[in-house]
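Participant:
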Amino acid sequence: MKSFLRNWLTPPLFNNDETKTRQAFILHYILLTALIAPVCYSAVIYFQSPEQIERALAQSIVSEFIASLIFILTRKGYLRTAAIFLVGFFWLLFTVMAFARFGVRGTGFILGHATVIVIAGALLGGKGSLAISLLTILTGGWFAYLESSGQRFVGVAPNPSQTVWLTSSIFYLIINVVQFLSAWTARETFKRAPTNEVQYRALLENIPVITYIIGLGNEPVIRYVSPQIEELLGYSRDDFMKDPGLWKKLLHPEDRERTLSESEATDQSDTTFDMEYRFLTQDGNTVWIRDKAKLITADDGAATHWLGAWMDITEQKQSDEQQASLISALTRRAIQLQTAAEVSHAASSTLDLEPLLATVVELIRSHFNYYYIGIFLLNEPGTHALLKAATGEAGRMLIAEEQKLDVGESSMVGWCLTHRKARIALDVGEDAVHFKNPRLPLTRSEIALPLISRDAIIGAMTIQSELASAFSNADVTALQTMADQIANAIANAQLFTERTQLINELEGRNAELERFTYTVSHDLKSPLVTIRGFLGFIREDAKKRDMKQFDADLSKIANAADRMQALLNDLLELSRVGRITNPPRDLPFEQIVQEARDLLAGSFHQSDIQVAVKDNLPVVRGDRIRLVEVMQNLLSNAIKFMGAQAEPRIEIGCTGQDSNGMATLFVRDNGIGIEPQFHEKVFGLFNRLNPNIEGTGVGLTLVRRIVEVHGGKVWVESRPSAGSAFYFTLPVSASASAEAAN
């Protein structure tokens, strides 16, 4: 029972709200006074004025009931509601008492309303006290009007002095209690103020958050900042106080405009400021902070300043960046694997080199979003690389221009071909080897990867990006793996092409064999028939002893045997080409021409043909004997088909190098020319366009075979009566190729 009474007689505590605890303390003791006062009032009335006891008891019972309800609300924590009910009930009670008896002249109005005003000030603050005061003044004015107009309170005798004294004493007691409670709470507040300030300061200056107060407007300045700022930025609190605008100077240049604009916009919208941006520290580092602030307003609602906190989120940002980097790396790795799979599929699905390379470069460019991809293949001598596939409009133009790069130190591609390993330029402006291509002005970084298959380097792949440092170690590994796949695919395609060429060549050889069979059965059969026939004539000549006819017939047999011997020799020579070769050497082509001219000196003398040899003849590489045969056959062919020219002429020269670095040579005459439909036929075996002209029809076939064995090609450009020009290509020496490139 004692603990129950002690609990109910002790003011309630609210640990997390000191203001609420203080209000509950004042309200509690006012209610206790309000519960005790009616009992004392009724006891005094009972002894002093028994005739008024019923009215006093009625007032006391109502007061006790209302006070008890408000007391329960207070214990439950509904302090604001309890305070409003208490002030409203007292004001209504004293207003009713004044209206029922003496109006503005009674103690109920004068002291009762004064007491309510004091209680309202203690519980509801200045606004509550002012509201009750205005309401009391209006009510008193109404009472005065009623009395002056004779409607009420006219001739009413005042209370006896004892009643006035008793009532006044109760009101004085209540006023004194309220005053005491207000003074006591004020003293306690002042006592705790230094302690609270120390606690709050200790809290603000030790939490891992920097608090600040900052002004408003376009040029907001720092008014306060907690000392943790020095640990974060390297600047002390005094630095910020001496230069209130220092915080703006420390904003990262990339974030300054965004941060100040957002701050100004939040000033105008009266919303909570919450954003992330960067500061530059005193030692030049960058820290990420999260800035969260609330706009503080005065009593009139006008904004005065920002109260906020800076939280260091640098580690979180770094963690996010690492996570994003990891996700990016995993995504890129997945793309690399996907691209490698597609490259492998493309390599296995086609053996046609041109579409294969075009597909591969586009796959790599589109999957990795690179600026430019190009694939170069080495020429036969290995002196330079020719662009075979490339991406974009620039690639199309470079292929049309037959771009080629020398093997050596003059370009990234040339370097990697020379050293058989990748070359990376993370910033092409600083790389001395990078070849600056005007078709690719946006290149910032480049990687050149060798294409190696079966330990033989066959070309290189260049990958270029618009970004600096665009290639990581993982990228290099993945791209080199793809380059190896591409190299094997190219090698397989080249083998397939070679196989196709061999098949075509074999088919051509079979066709030649068929023609050979026909020739043997026709061209060789004719001399045999001639020999057999004239043998019979010789027998008859011998019987007749006609030696003159005998000699004539024997001469016919000898001529037929000679023709057969010539045909057999040409066939034997043709069969040897491609099987028996002498070691290749660097040969000045001028010497080849001169040796062939010497072999045909008699023919040139009889025909009175002028021969013009150009000065630009290169140094070629090949079999001297076979190349002399080429020139001998071409010159002999020009002599045979010169026709009745008034000024017969043969011109020998070189037009330069083709896209594969081969020297393009020619033998041009002003003879009878060749019909266009026979331009290819003249190179066929035993094809003689004019049977009346001496020859077996093997010479040009022999020329084509020798040139092709050397890796070149031969063709004719001619019109009837306009002469003929036989063109053929031969490999040049390595030194001659380098000189031509320079």
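Start counting the sequence shown at 1; every next residue gets the next number (my numbering).
Don't be surprised by glycine CBs; every beta carbon is placed ideally from N, CA and C.
Please read all numbers here as calculations on a predicted model, not as lab measurements.
(1) Using the beta-carbon count (16 or more within 10 Å), is arginine 454 buried or exposed?
(2) Bridge partners for methionine 662 per DSSP, in chain order?
(3) Assign glutamine 151 to one of two classes, buried (16 or more other C-beta atoms within 10 Å of its C-beta) or exposed (fewer than that).
(4) Look at alanine 460 and alanine 385 and say whether their C-beta atoms are less than 8 Å apart.
(5) Looking only at its own chain, which residues have a Cβ that is under 7 Å from the Cβ of leucine 307, when we skip the five neighbours before and after it?
(6) Kindly indicate the opening and closing residues of the alpha helix (DSSP H) around tyrosine 145.
(7) Under the assumption that histidine 113 contacts threonine 81 (Cβ atoms under 8 Å), give the Cβ distance between them as a whole number of angstroms.
(8) Using 8 Å for Cβ pairs, my map puts isoleucine 458 next to leucine 363. What's the rounded Cβ distance?
(9) Could you tell me which whole alpha helix (DSSP H) segments of length 4 or greater appear in the segment 393–479?
(10) Which ranges does the beta strand (DSSP E) cover as unbroken runs of at least 3 residues, wholly within the segment 208–296, from first to last along the chain?
(11) Could you work out which residue in Leu665, Glu647, Ile503 and Asn492 is closest to glycine 723 when comparing CA atoms only?
(12) Are the C-beta of serine 49 and some C-beta of chain D separated by less than 8 Å?
(13) Pull up the distance between the alpha-carbon of arginine 626 and that of glutamine 594, whole angstroms please.
(14) Quick one: what's got a C-beta closer than 8 Å to aspartate 255's C-beta in the same chain, skipping five residues either side?
(15) Could you name each continuous beta strand (DSSP E) segment of 3 residues or more that falls completely within the segment 584–632, going from the start of the chain to the end?
(16) Exposed or buried, isoleucine 72, counting other C-beta atoms within 10 Å across all chains shown (16 or more means buried)?
(17) Helix, strand or coil: how does DSSP classify serine 744 here?
(18) With burial defined as no fewer than 16 other Cβ atoms inside 10 Å of the residue's Cβ, what is the status of methionine 631: buried or exposed?
(19) When the Cα atoms are used, what is the spatial distance from phenylalanine 471 to threonine 359?
(20) Going by alpha carbons, who is nearest to leucine 440 out of Val476, Arg396, Ala483 and Gly622?
(21) Rank Cys654, Leu700, Asn670 and Ser49 by C-alpha distance to the C-alpha of threonine 729 and give the top, closest one.
(22) Are the CB atoms of leucine 79 and alanine 43 within a distance shorter than 8 Å?
(23) Taking the straight line between their C-alpha atoms, what separation do you get for valine 682 and tryptophan 715?
(24) Is it right to say alanine 324 is buried, meaning 16 or more other beta carbons lie within 10 angstroms of its own, or is it exposed?
(25) Just to confirm my understanding: we take histidine 305, look at its own chain, exclude 5 residues before and 5 after, and list those with CB closer than 7 Å. What are they?
(26) In terms of DSSP beta bridges, what is arginine 545 paired with?
(27) For the segment 96–109 and the segment 138–147, state whether three or more C-beta atom pairs, one from each stretch, are separated by less than 8 Å.
(28) Should asparagine 582 be labelled buried (16 or more other beta-carbon atoms within 10 Å of its own) or exposed?
(29) Provide the residue(s) that pair with cysteine 40 in DSSP beta bridges, ordered along the chain.
(30) Please report the straight-line C-alpha distance between proline 12 and lysine 242, rounded to a whole angstrom.
(31) Taking C-alpha atoms, which residue in Leu417, Val39 and Glu402 lies nearest to glutamate 409?
(32) Give the DSSP-derived three-state secondary structure of histidine 384 in the structure shown.
(33) So, helix, strand or coil for glycine 673, using DSSP?
(34) Could you give the first and the last residue of the continuous beta strand (DSSP E) run that contains threonine 391?
(35) Give the single residue among Ile652, Ala474 and Ala644 whose Cα lies nearest to the Cα of glycine 673.
(36) Ordered along the chain, which non-local residues of its own chain (more than five positions away) have a Cβ less than 6 Å from that of serine 129?
Facilitator: According to the structure shown:
(1) So arginine 454 ends up on the exposed side.
(2) Checking the DSSP bridge columns, you'll see methionine 662 partnered with Pro731.
(3) With fewer than 16 other Cβ atoms inside 10 Å of its own Cβ, glutamine 151 counts as exposed.
(4) Yes, the pair counts as a contact, with Cβ atoms nearer than the cut-off.
(5) Setting aside the 5 residues that flank it on each side, leucine 307 is surrounded in the same chain by Ile213, Ala293, Lys294 and Ile296, each with a C-beta closer than 7 Å to its C-beta; the list follows chain order.
(6) Counting along the chain, the alpha helix (DSSP H) containing tyrosine 145 begins and ends at 107–148.
(7) So it is not a contact: roughly 22 Å between Cβ atoms.
(8) No, isoleucine 458 and leucine 363 are not in contact; Cβ-Cβ is about 19 Å, not under 8 Å.
(9) Fully enclosed alpha helix (DSSP H) runs of no fewer than 4 residues occupy 412–419 of the segment 393–479, in order along the chain.
(10) 210–214, 222–225 and 273–280, all fully within the segment 208–296.
(11) For glycine 723, the closest C-alpha among the options Leu665, Glu647, Ile503 and Asn492 is that of Glu647.
(12) As a matter of chain content, chain D is missing from the structure shown, which is built from one protein chain.
(13) Counting only the Cα atoms, glutamine 594 lies some 14 Å from arginine 626.
(14) These residues qualify, in order along the chain: Tyr277 and Arg278.
(15) Correct list: 585–588, 610–613 and 619–622.
(16) Here isoleucine 72 is exposed. Its C-beta has fewer than 16 other C-beta atoms within 10 Å.
(17) Outside the displayed range of the chain (1 to 742) lies residue 744, so it cannot be described from this structure.
(18) Buried, because 16 or more other Cβ atoms sit within 10 Å of the Cβ of methionine 631.
(19) Between phenylalanine 471 and threonine 359, the C-alpha separation is close to 22 Å.
(20) If you compare the alpha carbons of Val476, Arg396, Ala483 and Gly622 with that of leucine 440, the shortest gap goes to Arg396.
(21) Among Cys654, Leu700, Asn670 and Ser49, the Cα nearest to that of threonine 729 belongs to Cys654.
(22) No.
(23) Roughly 10 Å between the two C-alpha positions.
(24) Alanine 324 is exposed by the Cβ-count criterion.
(25) These residues qualify, in order along the chain: Ile213, Ile214, Gly215, Leu216, Arg223 and Ile296.
(26) Answer by DSSP bridge pairing: none, since arginine 545 is not bridged.
(27) Cβ pair count under 8 Å is three or more, so yes.
(28) With fewer than 16 other Cβ atoms within 10 Å, it is exposed.
(29) Looking at the DSSP assignment, cysteine 40 forms no beta bridge with any residue, so it has no partner.
(30) Proline 12 and lysine 242 have their C-alpha atoms some 47 Å from each other.
(31) For the residues Leu417, Val39 and Glu402, the minimum Cα distance to glutamate 409 belongs to Leu417.
(32) The answer is strand: DSSP assigns histidine 384 an E or B state.
(33) Secondary structure of glycine 673 (DSSP, three-state): coil.
(34) Here threonine 391 belongs to no beta strand (DSSP E), and DSSP marks it neither H nor E.
(35) With distances taken between Cα atoms, glycine 673 lies closest to Ala644.
(36) Take serine 129, set aside five residues on each side of it, and the residues of its chain with a beta-carbon closer than 6 Å to its own are Ile117, Ala120 and Gly121, in chain order.
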